[in-house]
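This report concerns only the one structure given below.
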Amino acid sequence: MTDEYFMQLALKEAARAFEEEEIPIGAVVVAQQKVIARGYNMTEKLNDPTAHAEMIALTSAFNHLGAKYLPDATLYVTVEPCVMCAGALYWSKISRVVWGASDSKNGFSRVQPGVSPFHPKTQLTTGILETECAALMKEFFRNKR
1 MTDEYFMQLA
11 LKEAARAFEE
21 EEIPIGAVVV
31 AQQKVIARGY
41 NMTEKLNDPT
51 AHAEMIALTS
61 AFNHLGAKYL
71 PDATLYVTVE
81 PCVMCAGALY
91 WSKISRVVWG
101 ASDSKNGFSR
111 VQPGVSPFHP
121 KTQLTTGILE
131 TECAALMKEF
141 FRNKR
């Protein structure tokens with residue numbers, strides 16, 4: 001299974017958010033080539049500004065594994081994580097983070113360009129299905145205007 005395969009699954013989560021009129025970001029956590037957690041933005045539904053796709057997927061993964069660290073897991077998320085989510089990913093000690101579209105307005109790199117807030121052992125891969133991930137966001141905000 002490829003990064004593109006798992007990003008497609010994250011895009012399905014983002015589509016769920018879109019259908020529920022949430023900002024369409026989706027995430028999946030993968031360990032040993034199996035999806036162990038899923039999440040999509042639920043900030044409106046839960047009336048909680050911390051209910052980002054990454055946070056929901058991380059919490060689910062911790063519960064699934066019964067552990068607070070994810071050293072053998074990969075998070076696939078459709079959009080670059082914000083500072084809050086990057087911090088949570090740092091503390092999770094996740095081995096890899098993969099995202100589709102960069103986020104020049106709210107992504108962590110906007111705050112500290114050129115500095116990675118992730119754990120030193122975390123590997124980053126970006127731009128996986130970037131066009132598809134960005135298109136969903138653009139459509140969502142175009143519909144809001």
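Those letters in the sequence shown? Residues 1 to 145, by full-length UniProt numbering.
Note that beta-carbon positions come from the ideal geometry of N, C-alpha and C, so glycine has one too.
Quick one: does the C-beta of Y90 sit closer than 6 Å to a heavy atom of the ligand NAD?
In the structure shown, the ligand NAD is absent, as is every other ligand, since no ligand is present at all.
Residue(s) in a DSSP beta bridge with W99:
V77 and T126
Give the DSSP bridge partners of Y90, in chain order.
Answer is none; Y90 lacks a bridge partner.
Using CA coordinates, which residue listed in F62, T74, N47 and Q8 is at the minimum distance from T122?
Cα-wise, what sits closest to T122 is T74.
Residues of its chain near I56, where Cβ-Cβ distance is below 6 Å and the 5 sequence neighbours each way are ignored
G39
Once you ignore the five residues that flank L124 on each side, which residues in its own chain have a CB closer than 6 Å to its CB?
V97
So what does DSSP say about K34, is it helix, strand or coil?
It is a strand residue.
Give me, in chain order, the residues of the same chain whose beta-carbon lies closer than 8 Å to that of F62; leave out the 5 immediate sequence neighbours on both sides.
K68, L70 and S92
Relative to the C-alpha of C85, which candidate in L11, F141, E132 and N41 has its C-alpha closest?
Looking from the CA of C85, the closest CA among L11, F141, E132 and N41 belongs to N41.
Between which two residues does the alpha helix (DSSP H) harbouring Y5 extend?
That run of the alpha helix (DSSP H) goes D3 to E19.
Measuring alpha carbon to alpha carbon, tell me which residue in T2, I25 and K144 is nearest A134.
I25
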